[in-house]
Structure formats: structure tokens, C-alpha cells
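Counting from 213, one number per residue, gives the positions in the sequence shown under my numbering.
Everything below concerns the one structure shown next.
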Amino acid sequence: MDKTYDPHAIEQRLYQDWETGQHFAASGDGPAYCIMIPPPNVTGSLHMGHAFQDTVMDILTRYHRMKGDRTLWQVGTDHAGIATQMVVERQLNGEGKTRHDLGREAFVERVWEWKAQSGGTITRQLRRMGTSLDWSRERFTMDEGLSKAVREVFVRLHEEGLIYRGKRLVNWDPVLHTAVSDLEVISQEEQGHLWHLRYPLTDGSGHLVVATTRPETMLGDTAVAVNPEDERYQHLIGKTVRLPLTGREIPIIADDYVDREFGTGCVKITPAHDFNDYAIGQRHGLPMINVLTKNAEILADTEIARIPAKYHSLDRYEARDLIVHDLDELGLLEKVDDHKLMVPRGDRTGVVVEPYLTDQWFVDLTRDVQPDGRPGGRKAITEPAIDAVRGGDIQFVPDNWKNTYFQWLENIQDWCISRQIWWGHRIPAWYDEAGNVYVGESEAAVRAKFGLPADLPLKQDDDVLDTWFSSALWPFSTLGWPEQTPELKTFYPTSVLVTGFDIIFFWVARMIMFGLKFMGDVPFRQVYIHGLVRDAEGQKMSKSKGNVLDPIDLIDGISLDDLLEKRTSGLMQPKMAERITKQTRKDFPEGIPSYGTDALRYTFASLASTGRDIRFDLKRVEGYRNFCNKLWNAARYVLMNTEGQDTGLGDLPCRYSAPDIWIRDCLRGTAADMADHLAEYRFDLAAQALYEFVWNTYCDWYLEMSKITLQSGDEAAQRGTRQTLVRVLEETLRLAHPFMPFITEEIWQRVAPLAGQSGATIMTQPYPDTERHRPAGDIASAISWVIDFILGVRRIRGEMNIPPGKLLPVLLENGQDSDRHRLEAHGELVSKLARLEHIEWVEPGQQAPESAIALLGEMRILIPMRGLIDKDAELARLHKEIQRIEKDLPRIEGKLNDPSFMDKAPPQVVEKERGKLAELQSSLNQLREQAQRISAL
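Listed below in C-alpha cells is the structure:
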């Protein structure tokens, strides 16, 4: 093995070997275990959330594969309709063209070309993370098999009356010219205004004042609403007002939705431009008057809405300014208040999204049907999905997330599934010239199904399906449905879904609904909900904050200059680029060093507690890079002492020392603990158990203990220790492999033959025995006693500044018979590891000299101080250190006592200063006690 661990020298080579050897393919004779990857967008690149989530899934996959389960981690990507279309449209814009210049067919062909050339970025990055996905089964939501599944689901739901076309209110992006899902809308608080407008009563008896944040939509008002319990307006219910600027007469209605405390208690109702107003309009049978075009310009309508011509074709914000001006001129603007409000913006374009009334396709999620199809029964799609979780067929981890799931499904609205773009699954519906609609899997199928003549012109619907529609079929469409494939029979239902809480509504619930509807069973048995990856201060990672980390940069390293260029490229605002540059220089003055994949993966695992957000700190990655080094160096020690030596594989006898027996027991206990933690999705506890075993138990203690046996002349004992060294290391590598696949594979290839193991790769080796065994209690307690003895001596060395190599005399006082027996059995181990000159008992009645003391139960470990240290030199050193701390203390205390600092400093800075103060005070007390003891010598 190389002297230094270099992840770059092994990672990509090993991954190529794994993939070439087809070791990721489903195999094994045990029960089926399947995970579906949440399909990343084909346009995407790996971010920290992906890297974290994929690490968790890979740990589970590798663990179950090694347990012998027939394990499949299904891979695939999503066509990401809007995102992908935008990428290709930007390319066309750079050529001075639009998609309309190419036409639909040529544009879609251009997207496929882009996908073939550039769409594999994220799958290449997934390989860099060491993910053991079955690449031989890679799927794409637009491939032929999945497209067939999408068409079949659409047709069947339409035949059952559960898909319909209707005019409804949707989120409309006026730049993309399409409806968008709630997930594609980001609502943020922004500063705006609240306009108070006077609506004259038709009978001339006065006016009502309504408050609105969007005065331009008043052109589409169809009522004014008040609370039926509001005594101020009860006498006006049923009367009418004259809508300013249009002259339309609209009613005053009563509705419990109206908040009497907000504004004036009077609310303008615009059903075609507000979701809450739409619901009120439905309840009261109000007309729906649309006043905007798909570009968010004022509609040129004079018949229904009676919009004055001066507003026609104006942008919505230009119209707002003119309308407010005209109302003011008419004396109908009472006042304008500053007002903070939530503004919905499209996550792709950044423009304000409009509630827009348009013809769309919907899945009916609210209609009640009986088993024979008649109305009045259970909700056909949603109630089985609720029952599956409530009845325990699906378990959420953590359990509290099921409440979020229930809350959404119990208050669900029909699902708008159509999008006005060209890239995606085109809706399988055709229209004749009379507007009749025919749904089928193809035009030929439609003509045959409905008996349409060949010469009847038909035109397919221009819309495509929402990306989430095809994603809802993912657990069964990827396995070959609607064909009844062996894979579908074997792996459905899948075992666990690993995902974030933010798509419980948009993906998790829809997969459950469609899985139950079309497969008759749930799509997965468990849903593990993980938190969001945040920065070390707990802030959400965002480009505008400059705190986004690229997982590949952490693996490979990146210079400061390259990092700055990467972070500021594409930023249009110089001030933002300047701020991000300043922050980046502060956080990464020398760039980001290379940590390798295993260190990054282990960091994610160590932070993966159930449901909590993850605070990602580079210091943790550095710590686990050191952990990799520790394992590498331990393996080098083992190989240096066992390669070419007898490791007990032959017929010669082996004798096992107490440390040999102890370390094997510790390994079995660690394996059992890890299995328990993984069963509960406590990856953090599993990682902690493994870390403590490798770093503390195996490396820091057992390897040191093994040197004593290896340096002895007892050949049988040496064989026993060499065998223990390689077998414990080999099993430890198998324990660690799901977390750190690369370094464990590289070391295992060298260690396995010495331990009597063989095979092409560690990943197909059996996972170590995780059954709990009764430990060798006497030996465990004896080794624990040895370790505590040595730690007591080392603590005295540190406190008294005694050189590590100096042999020390030790006196033991007040020991029990058990202490004497253990010293007799393990005295050589204690003496050599603690570097002792001799050990003597202080018998009853003897007076021990002035000594430093460590306690081991009731026994006192005494190290006489006279002659061991230079008393004057040590006191001078201690007093110098005491003076330094006494000088620093007032400065920190002054900060924490300064009201100005406490008010202005961020909480994390204050906490850091408090920690410094506590640490200094503790150090000062220890130094003073130490000086007092030495002065007494």
C-alpha cells in the first residue's frame, strides 16, 4: 500500500471496475429490497441536497446487498419539462431564433439532441459520489416504456371520469405562458401597498371602502363581500355598488371568509384572479370575468367586463398606475398604506405569477364514488391513500410527517395536470373541427375506439402533462408496467422512499395515490424524510448568499480564484458579486482542499439524524478525512506485520491473548449496534459507533496492545494476534463499506486473502454477523481496567508535563483482590503501554511519598513527583501560562458585559465568546491547582 492515502488515485479507477463488472445489478437470494431514486432533472447538476440524499440511499443499498437481499437501486432521470425547454430556448435565443421559428416537431427534436449531448451531467456526478445504482436499468421519464405507461394511465382515468377538462383558476407564468405547479412558485414577503378604494352604492346613499393590494384586478370584480356577523354592514347585504371605471353593477354579499378586522371589513371579490375569491365565487354563483391576457396585459374586452379602451393592452403594472391615478382623480382613492405581503414568483423566471382562468386538464381528487361508479361513496383516489398510511401499510420516519400528509390530502383540490409547453408527454386527446374531444393512446386508437372516419380531420391537444404526472408512476413504470414483468413482480412494492419533506405533497402523496389505483398496493413500505442541508450557521444555502457548496468541489478541491469565478458568474448585480466575493475570501482564503468522496459521504452520514435539518461544516469533512487517514495507516500497520507471515490459516495452533478476545467482542457489539441504528434510519448513530470502534478501540488501543504480543517470542500467540489483526480489520472494512466504499474496497483487496476471504469486490461479500453475542465479560472488564489504568498514568503525565518517553515508577494503594489479580495477569500490558519503570503496592501502614494521584475505582495510582520534574522550571512555565490567561480574560469578559456588543453581535458570535470564556476559566483553574501541587513537592 502507498504510504499516503490519496483518494484521487483510487476512486474513479475502482468505480470503473465496479460498473464494468456489473456489481450494481440486482442479485442475491434473500428477500427483495428496492429503492427508487427520486429522479433528478436531466438539466440538473449535483447539489448538496442530492449528495446527502444519495449517500443515505447508497448506504442502505450497499448494506442490504451485503446482507444477501435481492437488492435493486433503480436509477433514472426526469425530463423536467419547463426547465429543459428553457435551457434549449436560451440556446435558440443565442442564435437569434425562437422555438416558434423551428416549429413543434423540430424543436422537440432539438431538445432530444441536447439531452443526448449534455443531459448526462448529473449521472456522471452521481458516479463520483460512489453510488451503486443499477445503471443497466437506467430509465428516463420520456423513454418509450414510461411514455406508454403515462398514456395508459391518462386514458384509464379519463374513461373512469377521473380526468376532465375544464376552465379553472391556475398559477400562470406570464413569461413561460403556462400553468405551473405550487412547487414551482416561490412566495416571499415583499414591501408593497394597500390601496383603499371607494365603491359607490348604487342607490346613491354613500359608498363602501375596500382595501386591495392589486387595484388593477378591480376591473374584474363581480361582488363586494362582508362578514355576515359584521353589524356595520348587515343592512347592506343584498344591495349593490357601482364598480368604478366600468360602471358595472355588482352585489354586496355575505361570506364567513371575510375577516372583519382586516382593512375596512369589506373585500372586493375577483373570482378569475384570486384563489380565495374563486372559492367565494363558486359558493355564491358569481360570474368569472378574466381581465388579463396570457402576457399579463389588460384584455381588450368591452362587452362583459366593460373595460375602458384606455387600459387595453397595458402591462398589469402600467395599468395599476393609471387606474390608481384615475380613481384619485374621481375622488375614489381614500388612502394608500405601506403593506408587506407575500408575493408569488415563478422559480424559473422570477416574475410574479398570476392566478389565471383558463382551460386545463385536471385529475378529479375530490369526487366521491361508490364501487359501482355511482356518486356518494368514498373519494376514489385520495381516501385509499389516506387509509394506507393510517392503517400502517406505509410508515413515515419520523412518524410526525404523516400529519403533514393527512392535512394535505384531507383538504386537497383537483390537480391541474396540463402545461402549455412543447417538451413533455403530449396529452393523448384529439379534437375534431366541432370541438368534440376524443381520448386514446394514439390517433389510430381514437379513430378505432370511436368509429371515426379516416377523412375526419383531427388535431391533437397542444398541451403536455405536468412532470409530476409521470413522476407519480415512477415506482411501477420503471419496473415495466403496464407489462407484467418479472421485475414488477419481484420489486413492487418497493422498500423505502428517501426524500425531503418539501415534496410530500407533490410526489410522495401522488405516488401513493397512483400506486394504489393501478397496482392495488402501496408503492413503498416506508418513507424516510430527511432534513435540508444548511450551512454551518444554520442558514439555507442559496446563490445570493454565496454559501452554496458544490459536492464535487469538496471531493476534488478548488482554488480560491476558481471558486470566486464559479460563485459570481452569471450574477448581474455588481454589489451582490462584491458581497459574495468578500464572503468567499473570508470563508475560504485558500480555496477548498480536496477531501475525497469517502470523507464527504461519512460527513453526511454522521449528520443524518431523523428529520432534522443538517448543519454542514467543513471542519467535519476535515475530521472524517483524518478518519480515512487513520484507517489507511492502521491497514498499513496490519499489512506490515502480517504479509508474508502466518496468519493462522493453516494447521498450526493459535493462542489468543485477552486483547485478541476483547477486540473481537467489541467488533461484534459494534456490528449489532450499527444494525439496530440502520434499522431505525439513525445513520448518525451508526456512523458514530463505527467511528468510535475504528479510531478509539481498534486503532488507539488494540493495535498498541498487539505490538506487545508481536514482539514476544511466543509463536502461537503471535499467530493468534496476526489472525485477529487481519480478521478484525477485514470485518471492519465490510462494516464500513456502505459508508466509505472506495477506501474500504482498496484496503480489502490487500487484506482479504490474509483473512482467508476471496471475491471480486467487497460489496458482494456478506455483511458481518450482527446478532448480539454474550461478550466475554471477565476479559472485557479486565481490558477496561487496563485502559483506565493507562489513561490515569497518561493524565498525570500531561498535567505534570512529564515527557512521554520517560519511564515512571508507580505505587498502588487501597487496591482490592480483583485489582491484584488483574495486575498479575496484565501487568506486562500495563507497564509497556503506560511506559512504567516498575509497579509496587503500598502495603497497609506504609506512608506513600508526595505523589500525583489518579483513581481507578477505590484504588489509587500514585506517581512520586520528586526527581521526575524540574520543580522551578515547571512552576515558571505554569505561572507564565497563568499570566497569559489572566490577561485575556478581562478582554472577553468586557465584550460580554458590553450592552452594545450583546445587542449587535449575531447569536452565534456571542455563543462563541461565551465558550471561549468558559474554556479559559477552566484552564486557569486547572493550571492554578497544578502549580499548587508542584509547589508542595
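By construction, the Cβ of each residue, glycine as well, lies at the ideal position given by its N, Cα and C atoms.
What are the boundary residues of the alpha helix (DSSP H) that includes residue i?
| i | result |
| --- | --- |
| L766 | 763-768 |
| C911 | Run containing C911: none; DSSP gives neither H nor E here. |
| T944 | 927-948 |
| T273 | 260-278 |
| I633 | From DSSP, I633 is part of no alpha helix (DSSP H); its letter is neither H nor E. |
| G306 | 293-306 |
| M1012 | 989-1012 |
Helix, strand or coil for residue i, going by three-state DSSP, please let me know.
| i | result |
| --- | --- |
| W627 | strand |
| L1090 | helix |
| C866 | coil |
| A391 | strand |
| V563 | coil |
| R444 | coil |
| S771 | coil |
| Q696 | coil |
| E1038 | Strictly speaking, residue 1038 in this sequence is His, with Glu absent from that position. H1038: helix per DSSP, three-state reduction. |
| M753 | coil |
| M248 | strand |
| G1142 | Strictly speaking, residue 1142 in this sequence is Gln, with Gly absent from that position. The answer is helix: DSSP assigns Q1142 an H, G or I state. |
| S924 | coil |
| D825 | coil |
| V193 | No answer is possible for residue 193: it lies beyond the span of the chain, which begins at 213 and ends at 1149. |
| N1109 | coil |
| W285 | strand |
| Q607 | strand |
| V479 | strand |
| I804 | strand |
| T452 | strand |
| E1125 | helix |
| D550 | strand |
With distances taken Cα to Cα, identify the nearest neighbour of residue i among the options.
| i | options | result |
| --- | --- | --- |
| W620 | T578, L902, A660, G373 | T578 |
| V268 | I247, R282, N253 | I247 |
| A508 | A484, V998, I492 | A484 |
| P1061 | R472, M1077, S1135, Q930 | M1077 |
| D799 | P786, S781, L775 | L775 |
| W680 | P252, I770, A531, T859 | P252 |
| F366 | S1030, V651, I1097 | V651 |
| K614 | V287, I715, G636 | I715 |
| R984 | G418, Y914, G881 | G881 |
| A883 | G663, T982, T505 | T982 |
| E1040 | N1137, Q923, F574 | Q923 |
| Y469 | P243, C478, E461 | C478 |
| Y445 | V503, G256, R472, D281 | R472 |
| E372 | P567, G342, I593, Y490 | I593 |
Name the two residues that bound the continuous beta strand (DSSP E) containing residue i.
| i | result |
| --- | --- |
| S399 | 397-412 |
| H419 | 419-424 |
| W719 | It is not in any beta strand (DSSP E) - W719 carries neither H nor E in the DSSP assignment. |
| E1049 | 1048-1053 |
| P953 | From DSSP, P953 is part of no beta strand (DSSP E) but of the alpha helix (DSSP H) over 953-963. |
| R737 | 736-742 |
| V850 | First-last for V850: 830-854, but that is the alpha helix (DSSP H), not the beta strand (DSSP E). |
| S707 | 706-712 |
| E983 | That residue, E983, is in no beta strand (DSSP E); it is neither H nor E in DSSP. |
Tell me residue i's beta-bridge partners as DSSP assigns them.
| i | result |
| --- | --- |
| M1071 | L1068 |
| P556 | S399 |
| I464 | V436 |
| W642 | Y650, Q672 |
| P665 | Note: P665 sits in no beta bridge, so no partner. |
| Y376 | F574 |
| I510 | L504 |
| L1025 | First, the residue type needs correcting, since residue 1025 is Glu and not Leu in the sequence shown. Beta-bridge pairing links E1025 to R1072. |
| R746 | K752, R827 |
Can you give the beta carbon distance from residue i to residue j, rounded, assuming they're within the 8 angstroms contact cut?
| i | j | result |
| --- | --- | --- |
| I510 | L526 | 5 angstroms |
| T854 | V940 | T854 to V940, Cβ: 12 angstroms. No contact. |
| L457 | D538 | 6 angstroms |
| V1122 | M1114 | 6 angstroms |
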